[in-house]
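Protein chains in written order, with the working numbering: chain U, 1 to 163; chain Y, 1001 to 1281; chain P, 2001 to 2127.
I have placed the structure first, in the form of structure tokens, so that the comments after it can refer back to it.
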Amino acid sequence: MNEQELAYHRAFTVAVSEVMGTMTGFEMEEDEAFFTPDEESFDPKETQPCEISGAMVLLGKKNCMATVTMTRTTASMLVSYMTGIPYYELKNGDLFDGVAEMMNLMAGRAKALLSDSEYHFDISPPFTIVGENHYIVHKKQAKLIQKRFVSNELSFILKVFNV
Amino acid sequence: MVAALSNKEFNHFQKYIKEQCGIAIGDEKAYLIESRLTKLLIETKLNTFEELYEMLYHKRDPKLSEKVIDAITTNETLWFRDKTPWIILENELIPQYIEKVRKTKQRIRIWSAAASSGQEAYSTVISIHQHLKKNQIKDVTLNDFEIIGTDISAPILEIAKAGRYDPISIMRGLDPKLKETYFQNEGRIWIFKDEFRKHVKFRKFNLQNSFNSMSQFDVIFCRYVMIYFSQEFKREMTKKLAQSMKPGGILFIGNSEIFPEHKDYFETKKSGKGIYYQVKE
Amino acid sequence: MKILSVDDSAIVRKIIQGAVEVLNFDLLEASDGLEGKKVLEEHHEEIGLILLDWNMPGMNGMELLQVIKGDEQFRHIPVMMVTTESEKENIVRAIKEGAEHYVVKPFTMEELIKKILECLGQGDQDE
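As structure tokens, then:
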């Protein structure tokens, strides 16, 4: 990876870490051991089945999509800590809105960090993809970022890819 | 340069924080500084980090130094922040204080010197009460402990006095099991129960003033506030804190704070993963 | 006294509700600019502060801000814009249109509470 690509990766890592730390109190750190073989563009079999993804389109020189995919348990914990609503009282609407808002804030922070670079972008409104055991699957060549973030038992996978 | 914060600018801020607060930020944390300062750049309506540093350096905005330090250091008030002071309290200090109360009948005095919205002071009450309860101690009670919380901000102290916490703040650092015992629920708001809240007295106090009115303490929490002070004032504070200690008095500062000029007045003590300072004879 | 939160995210309004209630105020909510205008018309005598999101469907934050500051009935009510960091240029525009304060997401509850107190003139006094 060249310096600029490294900077792009770091912007998202910092954005995730800072936003999640502030909004939920959880320090989400990059799982350095996370690895997807090049031939596959979707998650390795070892990860838990995911049910909720926050998503946004990033509009720049090259348009991208950013997604953050997690289990319902992780989503419930994160949204619970973000809002103060006990996880067992969370309605679907709150949960899906919360994940979308997380994605919105993370992409917004990354946007601000990259605003003076050649990777600057605008962001679409966020949306949520919901479905048991779903994956975000894209063409291998489109892959830009694929990282897993963890804090204790919680984890999610961030993907950024060209569209 | 892809990053908005250049190496030169990062080094300026790195040096400033080291000199002002005694906090060493490693080179690998450049992105952290940039991220934290970006928000401040927006708020100050400046365009570059260079301009921000210039303003800081030439002291054109008296509150800017505080805002930069705030932006870079974690300033969120949490329950049982850093954890280790409370572990040290429960395992080492409270047993000693119980014996002291039994022997001398004197109250143990504890000062939370930057009390903010009260979590530190109330965490102390919880720690003491938990220890007494777990060890079934009946002859010593919370009434044998006097806890004072002070802060420079009157509005924040009002929140502390009321012991009212929003549903998000209540979750930050507090074991959910403790919530039921020590708080009552009012809609979504949590209020520290009266029977425990009455053991803390909050008042407005500026640490730059003389400590004569504060008398002597067994324990002082002075955490994440000295980072805002000049080197000279830190030295003065260290002396004032030492003079406000009872013999054998204990000082807790922030876990990531450096306490450079303490050796004349305090001895460093280690306990498990934590450090505390005991006043010298 | 009531505080009005105009934001298309129910989650953000929930977060704001916590800060408002801990300060012993009541929250009024609206999910877009038009709804915000209706709530204002009905309750403006009780509203002491408006927290206004920027990006909303229909009437957005800027448009509602212009309505507020252009109307004698509402003009006196302080407005705090709630923005994300990527919207710096919007903050400058909002201030020009009369917004008195802004808070940048993500924020901690402590930050939000302090900002609300500042808006209501109950912030820290300089020693």
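Here a beta-carbon is modelled for each residue, glycine too, at the ideal position from N, C-alpha and C.
Note that this is a predicted model, so its numbers are computed, not measured.
- The C-alpha of I1148(Y) lies about 12 Å from the C-alpha of C1222(Y).
- Listed by position along chain U, the residues whose Cβ is nearer than 7 Å to that of R1172(Y) are G25.
- With respect to the 7 Å criterion, L114(U) and A11(U) are classified as neighbours on the basis of their beta carbons.
- Within chain P, the residues A2010, I2011 and K2014 have their CB atoms less than 8 Å from the CB of D94(U), given in chain order.
- For A1162(Y), the CB contacts under 8 Å within the same chain, skipping 5 residues up- and downstream, are I1191 in chain order.
- Residue pairing of L2051(P) in beta bridges, as defined by DSSP: S2005(P) and M2080(P).
- For the segment 75-89 of chain U, residues whose beta-carbon sits nearer than 9 Å to a beta-carbon of chain Y comprise S80, Y81, M82, T83, G84, I85 and P86.
- The C-beta of K2115(P) has 16 or more other C-beta atoms within 10 Å across all chains shown, which makes the residue buried.
- Relative to L1241(Y), the option among N1255(Y), L1157(Y), K1280(Y) and K1269(Y) whose CA is nearest is K1280(Y).
- Its chain contains T69, M70, T71, R72, A75, L95, F96, V99, T128, I129 and V130 as the residues whose beta carbon lies nearer than 8 Å to that of I52(U), once the 5 sequence neighbours on both sides are disregarded; these appear in chain order.
- A distance of 7 Å or more separates the beta carbons of I123(U) and A142(U).
- If only uninterrupted alpha helix (DSSP H) runs of at least 4 residues are considered, those enclosed by the segment 1033-1121 of chain Y are 1049-1057, 1064-1072, 1084-1088 and 1094-1104.
- Contact check between the segment 1191-1200 of chain Y and the segment 1167-1177 of chain Y: fewer than three CB pairs, one atom from each, fall below 8 Å, which does not count as touching.
- Counted as a single uninterrupted DSSP element, the beta strand (DSSP E) harbouring F156(U) occupies residues L154 to N162.
- Taking the CA atoms as reference points, Y81(U) sits about 34 Å from T1141(Y).
- Using a CB distance cut-off of 7 Å, I1017(Y) does not count as an interface residue toward chain U.
- In terms of Cβ geometry, A1154(Y) and G1118(Y) do not form a close pair [threshold 7 Å].
- E30(U) is outside the set of residues whose beta carbon lies under 7 Å from a beta carbon in chain Y.
- Beta bridge pairing from DSSP links T1268(Y) with Y1277(Y).
- Listed along the chain, the chain U residues whose CB falls inside 7 Å of the CB of R1081(Y) amount to none; the nearest CB is some 11 Å away.
- Under the rule that a run must span 3 or more residues, the beta strand (DSSP E) segments found entirely inside the segment 49-74 of chain U read 52-60 and 64-70.
- Along the segment 1041-1070 of chain Y, the positions whose C-beta sits under 9 Å from a C-beta of chain P are L1041, I1042, E1043, K1045, P1062 and K1063, read in chain order.
- Taking all protein chains shown into account, M1(U) has fewer than 16 neighbouring C-beta atoms within 10 Å of its C-beta and is therefore exposed.
- Close to V19(U), with beta-carbon spacing below 8 Å, are these residues of chain P in chain order: P2106.
- Judged by their CB atoms, V2022(P) and D2053(P) are not nearer to each other than the 7 Å cut-off.
- Taking a C-beta distance under 7 Å as the contact criterion, W1079(Y) and G1173(Y) qualify as a contact pair.
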